[in-house]
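Report on the structure given below.
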Amino acid sequence: MHDVAIIGAGPGGSATAHYLAQRGVDVLLVDKADFPRDKTCGDGLTPRAVSVLQDMGLVEDLRRAGYIIRRFEVFAPNGHATGDDVVLHNGMPDYALVVPRLILDNRIRQRAVQSGARFEPRVHVDAVRVEGLDSAAYVEIAGERDGRRVSFRSRLAVIATGANTGLLVRAGILRAQPKVIVAARAYFEHIRGLTDAWTLRFDGAPLPGYGWVFPIASDAANIGVGYFKHDRRASALGFFELFRRSPAMQRLLAGAKQAGPVRGYPLREDFLTSPTFGERILLVGEAAGLVNPLTGEGIDYALESGRIAADHTYLMLERGDFTLQRHTAYDRALRERFQALFEFCIWVRAWCARPVALNMLVAMANRRDDLRRRLTSVVLGGTPVRRKPTIGRVIRALVRQG
Ligand SMILES: Cc1cc2nc3c(=O)[nH]c(=O)nc-3n(C[C@H](O)[C@H](O)[C@H](O)COP(=O)(O)OP(=O)(O)OC[C@H]3O[C@@H](n4cnc5c(N)ncnc54)[C@H](O)[C@@H]3O)c2cc1C
1 MHDVAIIGAG PGGSATAHYL AQRGVDVLLV DKADFPRDKT CGDGLTPRAV
51 SVLQDMGLVE DLRRAGYIIR RFEVFAPNGH ATGDDVVLHN GMPDYALVVP
101 RLILDNRIRQ RAVQSGARFE PRVHVDAVRV EGLDSAAYVE IAGERDGRRV
151 SFRSRLAVIA TGANTGLLVR AGILRAQPKV IVAARAYFEH IRGLTDAWTL
201 RFDGAPLPGY GWVFPIASDA ANIGVGYFKH DRRASALGFF ELFRRSPAMQ
251 RLLAGAKQAG PVRGYPLRED FLTSPTFGER ILLVGEAAGL VNPLTGEGID
301 YALESGRIAA DHTYLMLERG DFTLQRHTAY DRALRERFQA LFEFCIWVRA
351 WCARPVALNM LVAMANRRDD LRRRLTSVVL GGTPVRRKPT IGRVIRALVR
401 QG
């Protein structure tokens, strides 16, 4: 019987495991994959994500393994650009990082193991249920490993299985498959004229959505595109090809070599309506719909929610209190931290679906330092959001600034 079993060793699951094991909790971490394993992603770590990785003692190593980003550029649908330096904001580091997930996820998992968590690879979990009654209750986790049935027991469980919702539906925590957005990426090498900025492009990309160029070396990058509308027919690979063929990308990639295939994957960003717990189970990261609806960034929220889940799980174990109240306290903590930001991002996303609005925003950002700084902060997920802006308030601000 373990204290906590964590299903999924992505950033969310491994961060939860680290923060619990560090406090002496007996943690079992399982994943269907063997590590190191890749995960389709843009590999971008915002300053907010870097700050959690710093807290985990991983940053020096990741700075060596990845690429440090100090500048950020946005291209409007009409091709005009604005940009800014990544600045220190709310105590966050003044840089972002790009670290291929093949490296990043393995380092975070290794950190959890160093802290004392036990890791079991190649365990595909297909059932999680509570057995026993009252003080004798426990969570039974069952699955398959190398063609054989295996099972584990724990007092509490954390599900951190990312956008893969099968287990959550089977466990009755999700009633239906949530709507998803889609994205695809590929690596390119020998790129001439690559800047060392994080580049977001609205020219050649589907709206609402954007294309990105995230350098992983001075001449290599993770290049991709995301389409942020709930549309079951949307093809991430189709949008990637359109983006690749846009004039700006044709220029950038002339002479470059694609390294590996184009890969697409869905993203869940339904945190506002998603459950965050089941009986004796907490959901972490994308399993709770925690992906920024404006940028598609989810690593930071996986790490942050992992740390919050560890705090709550620790309290439940320490007090022997597994009541509904303790589960809802976790839900409240997540909503206090992320709800306003998610509402704000969904609102901005609707606004950014209009090319005219984006062209205007970029032109204005070039004239006003404060707007440019705010734009940088929104994209990097660091905005202190107090009130959701209304259309009227934005129009008034635009008129004043114009
Ligand atoms: C194309 C694309 C680009 C993106 N770009 C960025 C970016 O630049 N920056 C950013 O911050 N975010 C980005 N994201 C989002 C980010 O990849 C995810 O939000 C993030 O990985 C979520 O972390 P997680 O720990 O919640 O889940 P995951 O990283 O998905 O990890 C889940 C783990 O659970 C395991 N698992 C799943 N089901 C089971 C099961 N039944 N049994 C056992 N194990 C299981 C998986 O093997 C996996 O290891 C991007 C996503 C996509 C698709």
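Numbered according to our numbering, the sequence shown spans residues 1 to 402.
Here a beta-carbon is modelled for each residue, glycine too, at the ideal position from N, C-alpha and C.
Discussion item. Can you find the residues in the same chain that come closer than 7 Å, C-beta to C-beta, to D85, ignoring five residues on each side of it along the sequence?
Written reply: R70 and R71
Fill in: N-terminal and C-terminal residue of the beta strand (DSSP E) that Q22 is part of
Note, Q22: premise wrong, no beta strand (DSSP E); not H, not E.
Fill in: H327 (DSSP reduced to helix, strand or coil)
helix
Worksheet item: Regarding G12 and ligand 1, is the C-beta to nearest heavy atom distance less than 7 Å?
Response: yes
Worksheet item: Is I281 helix, strand or coil by DSSP?
Response: strand
Worksheet item: What did DSSP end up calling A96 once you bin it into helix, strand or coil?
Response: strand
Fill in: Status (buried if at least 16 other CB within 10 Å, exposed otherwise) for L156
buried
Worksheet entry | Option nearest R101 by Cα separation, candidates L282, A186 and V182 | A186
Item to complete: Using only the heavy atoms of ligand 1, determine whether one of them is closer than 7 Å to the beta carbon of C345.
Response: no
Worksheet item: How far does the beta strand (DSSP E) with V27 in it reach, from first residue to last?
Response: V27 to V30
Discussion item. Let me confirm a value: V4 is counted as buried when at least 16 other C-beta atoms fall within 10 Å, else exposed. Which label applies?
Written reply: buried
Practice prompt. Alpha carbon to alpha carbon, how far is D134 from A302? Give it in angstroms, no decimals.
Written response: 31 Å
Worksheet entry | Which residues DSSP lists as bridging H2, in chain order | S154
Worksheet item: Is it right to say V169 is buried, meaning 16 or more other beta carbons lie within 10 angstroms of its own, or is it exposed?
Response: exposed
Worksheet entry | First through last residue of the beta strand (DSSP E) which encompasses L267 | K257 to L267
Worksheet item: Between P11 and the rest of its own chain, which residues show a CB-CB distance below 6 Å, the 5 nearest in sequence each way excluded?
Response: I108, I299, A302 and L303
Item to complete: Return yes when the Cβ of G44 is within less than 8 Å of the Cβ of F322, no when it is not.
Response: no
Worksheet item: Measuring CB to CB, does A81 end up less than 8 Å from N359?
Response: no
Worksheet entry | Extent of the continuous alpha helix (DSSP H) run through I308 | I299 to R319
Practice prompt. Spell out the partners DSSP gives V130 in its beta bridges.
Written response: V139
Worksheet item: What is the DSSP secondary structure of P215, counted as helix, strand or coil?
Response: strand
Worksheet item: Just the Cα atoms here: how many angstroms apart are L272 and Q339?
Response: 7 Å
Practice prompt. Count the other CB atoms, across all protein chains shown, that sit within 10 Å of the CB of R148; report buried if there are 16 or more and exposed otherwise.
Written response: exposed
Worksheet entry | Check whether V30 and V125 have beta carbons under 8 Å apart | yes
Worksheet item: So what does R148 bridge to, in DSSP terms?
Response: R145
Practice prompt. Would you check whether ligand 1 has a heavy atom nearer than 7 Å to the C-beta of I299?
Written response: yes
Worksheet entry | Contacting residues, own chain, Cβ-Cβ under 7 Å from R23 (five flanking each side not counted) | Y314
Practice prompt. For E286, I'd like the list of residues in its chain whose CB is within less than 6 Å of its CB, leaving aside the five on either flank, ordered along the chain.
Written response: G162, A163, R268 and G298
Worksheet item: What is the residue span of the alpha helix (DSSP H) that D55 lies within?
Response: P47 to D55
Fill in: Identity of the residues DSSP links to T82 by a beta bridge
V74
Discussion item. Quick check: the Cα distance between V123 and R354, rounded to an integer number of angstroms?
Written reply: 45 Å
Fill in: Contact check, Y138 vs R153, beta carbons under 8 Å
yes
Discussion item. Looking at D331: is its Cβ nearer than 8 Å to the Cβ of F277?
Written reply: yes
Worksheet item: Looking at V30 and ligand 1, is the gap between the Cβ and the nearest heavy atom below 7 Å?
Response: yes
Discussion item. Going by the DSSP bridge assignment, what does R198 pair with across the sheet?
Written reply: Note on residue identity: the sequence assigns Trp, not Arg, to residue 198. Its beta-bridge partners are F72.
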